[in-house]
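A.B. asks: Chains as they are written, first to last, in our numbering: chain B, 1 to 290; chain X, 291 to 369. Using N, Cα and C, we set each Cβ at its ideal position, and we do this for glycine too. Please read these numbers as outputs of a predicted model, since none were measured by experiment. Supplied in structure tokens, the structure appears directly below.
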Amino acid sequence: MPSLKEFRNKIGAVQSTRKVTSSMKLVAGIKLKKAEQKAANSREYATELALILSKIHRKFVDGSCELFSGRNMVQNEMLVVFASEKGLCGNFNYVIGKKTAEIISGIHQRGGTVHLICIGVKPFEFLKQKLIDGDRIELLENFYLSEALLENSNLLATRIMANFSSGRVDQVAIVYTRCLSAISRKVEVKSLIPIVCTPDSSNGDIIFEPSTEEILQTIVPYNIAIQIYQSALESVAGEQGSRMTSMDNATRNADELLSNLTISYNRTRQYRITQELVEVVSGATTIAKG
Amino acid sequence: MRAKILKLDRKLFDGEITKVVVPATEGEICLLPHHMAIITTLCRGSVRVYRSGYTHPVIIKIDGGICSFSTNTATFIIH
């Protein structure tokens, strides 16, 4: 049986762990709210931008623009994966890693190659093992820094456009976690190129100034940057939600552990007192008999 | 007619207007009710929004963006 001191040490350790997990839960809750607010603020902006794109798409329903219709031969596919920079967020990274691995194996089965851009260090090593010869992988660190997020998104969008225009990639998609609520998340795959538009129901002609092509040159990279920005915010919200849930579970586990340890500590203490009493009584009896 | 001016992090204007003057890349355009549907890129300048019931315009300085006008609604996506 462990000594009382050992029990006290264990209880102390669990108490300090509980303090850490409960503060991490609070911090994650605040960060989740901030990220959700930011994502909500930019949602209308992204929706309106997509609406404008769908109006432009009406001009290219004949398939004359490969940004909308896609390339006939898809050989190289680019995947941008939004994961986490830090751990202690439950199965957040595992789920997104697993989904990406499934997509990669699908591309390999079709005979294509993958150019993987991993945002967030956590699933990098896992995803690296899923690649074969001819595939490429890149790690982008410190992407989520709030003050540089939009700039980073713009830079990545420019790179994506350059890769597509030069023919190095034929299709681009992003894999990210959509935050449905503080406790539920869903991994989603969104196509950046070809651009997926909701059909525009309005009728009548539209004037394009300057020309449709020039507008496309401006709007497409910008739309990609906004999609990346929006997905990054959703992903951050998902990560914080996942962290909050797992820290809540950890705090509850620590509470349970503390309660069990306290019971065991009291039982041991009681046992020691009873044992000492028995010793004193039996000693006194022996002396009285002698 | 209605105008919506959106920035990435917030909405700058949303309301009923009588006309709006926009700094399009090919020159200023004045959008009045029942204007034909138009999509244009914007350059650095000022968007002048004339609200219903006011004589003076609301002036919003922009660095660029995209403007779309259809079904009597002007939507501005500001960079």
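Suppose the cutoff is 6 angstroms on Cβ atoms and the five residues either side in sequence are ignored; what does the same chain contact list for Ile104 (chain B) look like?
C.D. replies: Translated into the one-based positions of the first sequence, residue 104 (chain B) becomes position 104. Closer than 6 angstroms at the Cβ level, and outside the excluded window around Ile104 (chain B), lie Val114, Lys130.
A.B. asks: Count Cβ pairs between the region 312-332 of chain X and the region 346-357 of chain X that sit closer than 8 angstroms; are there 3 or more?
C.D. replies: With the cut-off at 8 angstroms, the region 312-332 of chain X and the region 346-357 of chain X touch.
A.B. asks: Going along the region 353-364 of chain X in order, which residues come within less than 7 angstroms of chain B, judged by CB to CB distance?
C.D. replies: Ile356, Ser358, Ser360, Thr361
A.B. asks: Does the region 141-151 of chain B come close enough to the region 223-238 of chain B to have 3 or more Cβ pairs within less than 8 angstroms?
C.D. replies: Counting C-beta pairs with one atom in each stretch, the region 141-151 of chain B and the region 223-238 of chain B have three or more that are closer than 8 angstroms, which means they touch.
A.B. asks: Kindly indicate the opening and closing residues of the beta strand (DSSP E) around Val310 (chain X).
C.D. replies: Start at 1 with the first residue of the second sequence, and residue 310 (chain X) comes out as number 20. Counting along the chain, the beta strand (DSSP E) containing Val310 (chain X) begins and ends at 301-314.
A.B. asks: Pull up the CB-CB distance for Gly97 (chain B) and Leu127 (chain B), whole angstroms please, since I reckon it's below 8 angstroms.
C.D. replies: The sequence position of residue 97 (chain B) within the first sequence is 97, counting from 1. The sequence position of residue 127 (chain B) within the first sequence is 127, counting from 1. Their Cβ separation, rounded to whole angstroms, is 6 angstroms, which keeps Gly97 (chain B) and Leu127 (chain B) in contact under 8 angstroms.
A.B. asks: When you compare the CB of Ile228 (chain B) with every CB in chain X, is at least one pair closer than 7 angstroms?
C.D. replies: Numbered from 1 along the first sequence, position 228 holds the residue referred to as residue 228 (chain B). Closer than 7 angstroms: no.
A.B. asks: Against chain X, does Tyr176 (chain B) count as a neighbour if the rule is that its beta carbon must be under 7 angstroms from one of theirs?
C.D. replies: As a working mapping, residue 176 (chain B) is identified with position 176 in the first sequence. Chain X, which has no Cβ nearer than 7 angstroms to the Cβ of Tyr176 (chain B), makes this no.
A.B. asks: Can you tell me the Cβ-Cβ gap for Lys122 (chain B) and Ser84 (chain B), rounded? I've got them flagged as a contact below 8 angstroms.
C.D. replies: For the purposes of this step, residue 122 (chain B) is taken as the residue at position 122 of the first sequence. For the purposes of this step, residue 84 (chain B) is taken as the residue at position 84 of the first sequence. Their Cβ separation, rounded to whole angstroms, is 5 angstroms, which keeps Lys122 (chain B) and Ser84 (chain B) in contact under 8 angstroms.
A.B. asks: Identify the residues that DSSP records as bridge partners of Gly290 (chain B): which are they?
C.D. replies: The count along the first sequence starts at 1 and reaches residue 290 (chain B) at position 290. In DSSP, Gly290 (chain B) forms no bridge with anything.
A.B. asks: Could you check where the beta strand (DSSP E) with Thr363 (chain X) kicks off and where it finishes?
C.D. replies: The residue given as residue 363 (chain X) occupies position 73 in the second sequence. Residues 363-368.
A.B. asks: Counting Cβ pairs closer than 8 angstroms, one from the region 71-79 of chain B and one from the region 321-329 of chain X, do we hit at least three?
C.D. replies: no
A.B. asks: Taking the alpha-carbon positions, what's the Glu188 (chain B) to Arg178 (chain B) distance?
C.D. replies: Locating residue 188 (chain B) in the first sequence gives position 188, counting from the first residue. Locating residue 178 (chain B) in the first sequence gives position 178, counting from the first residue. Going from the Cα of Glu188 (chain B) to the Cα of Arg178 (chain B) covers about 7 angstroms.
A.B. asks: Does Met291 (chain X) come within less than 7 angstroms of chain B when only Cβ atoms are used?
C.D. replies: Indexing the second sequence from 1 puts residue 291 (chain X) at position 1. Met291 (chain X) does not count as touching chain B.
A.B. asks: Assuming Arg58 (chain B) and Asp200 (chain B) make a contact with CB atoms under 8 angstroms, what is their CB distance in whole Å?
C.D. replies: One-based indexing of the first sequence puts residue 58 (chain B) at position 58. One-based indexing of the first sequence puts residue 200 (chain B) at position 200. Rounded, the Cβ-Cβ distance is 6 angstroms, consistent with contact.
A.B. asks: Going by DSSP in three states, Glu209 (chain B) sits in which element: helix, strand or coil?
C.D. replies: Looking up residue 209 (chain B) in the first sequence gives position 209. DSSP places Glu209 (chain B) in strand when its eight states are reduced to three.
A.B. asks: What three-state label does DSSP hand Leu332 (chain X) in the structure shown?
C.D. replies: On the second sequence, position 42 is the one that residue 332 (chain X) refers to. Reduced to three states, the DSSP call for Leu332 (chain X) is strand.
A.B. asks: Could you tell me whether the region 310-323 of chain X touches the region 334-352 of chain X, using the rule of 3 or more Cβ pairs below 8 angstroms?
C.D. replies: Counting Cβ pairs under 8 angstroms, three or more are found: they touch.
A.B. asks: Kindly indicate the opening and closing residues of the beta strand (DSSP E) around Lys98 (chain B).
C.D. replies: Residue numbering aside, residue 98 (chain B) sits at position 98 when the first sequence is read from its first letter. No beta strand (DSSP E) holds Lys98 (chain B); the alpha helix (DSSP H) holding it covers 92-109.
A.B. asks: Could you list the residues in the region 190-208 of chain B with a C-beta less than 9 angstroms from some C-beta on chain X, going in chain order?
C.D. replies: Ser202, Gly204, Asp205, Ile206, Ile207, Phe208
A.B. asks: Are there 16 or more other CB atoms within 10 angstroms of the CB of Leu156 (chain B), so buried, or fewer, so exposed?
C.D. replies: Stepping through the first sequence from its first residue, residue 156 (chain B) is reached at position 156. Residue environment: Leu156 (chain B) is assigned as buried (16 or more neighbouring CB atoms within 10 Å of its CB, all protein chains considered).
A.B. asks: With a threshold of 16 other CB atoms inside 10 Å of the CB of Tyr271 (chain B), please say whether the residue is buried or exposed.
C.D. replies: Walking along the first sequence from the start, residue 271 (chain B) turns up at place 271. Per the 10 Å Cβ criterion, exposed.
A.B. asks: Please tell me whether Ala28 (chain B) and Arg243 (chain B) are closer than 7 angstroms, where the distance is taken between their beta carbons.
C.D. replies: Working through the first sequence from its first residue, we reach residue 28 (chain B) at position 28. Working through the first sequence from its first residue, we reach residue 243 (chain B) at position 243. A contact, by the Cβ cut-off of 7 angstroms.
A.B. asks: Suppose contacts are defined by Cβ-Cβ distances below 7 angstroms. Is Leu140 (chain B) in contact with Ile119 (chain B) by that definition?
C.D. replies: Against the first sequence, residue 140 (chain B) aligns to sequence position 140. Against the first sequence, residue 119 (chain B) aligns to sequence position 119. Against a cut-off of 7 angstroms, the Cβ pair of Ile119 (chain B) and Leu140 (chain B) comes out as a contact.
A.B. asks: Taking the continuous beta strand (DSSP E) assigned at Phe359 (chain X), which residues delimit it?
C.D. replies: Here residue 359 (chain X) is taken as the residue at index 69 of the second sequence, counted from 1. Residues 355-360.
A.B. asks: Tell me the rounded alpha-carbon separation between Glu306 (chain X) and Ile349 (chain X).
C.D. replies: Indexing the second sequence from 1 puts residue 306 (chain X) at position 16. Indexing the second sequence from 1 puts residue 349 (chain X) at position 59. One C-alpha to the other measures close to 15 angstroms.
A.B. asks: Once you ignore the five residues that flank Thr315 (chain X) on each side, which residues in its own chain have a CB closer than 6 angstroms to its CB?
C.D. replies: Here the question's residue 315 (chain X) lines up with position 25 in the second sequence. Result list for Thr315 (chain X): Thr331, Cys333, in chain order.
A.B. asks: Using alpha carbons as the reference points, say which of B:Asn142, B:Val220, B:Glu213 lies closest to Met161 (chain B).
C.D. replies: Walking along the first sequence from the start, residue 161 (chain B) turns up at place 161. Of the candidates B:Asn142, B:Val220, B:Glu213, the one whose C-alpha sits nearest the C-alpha of Met161 (chain B) is B:Val220.
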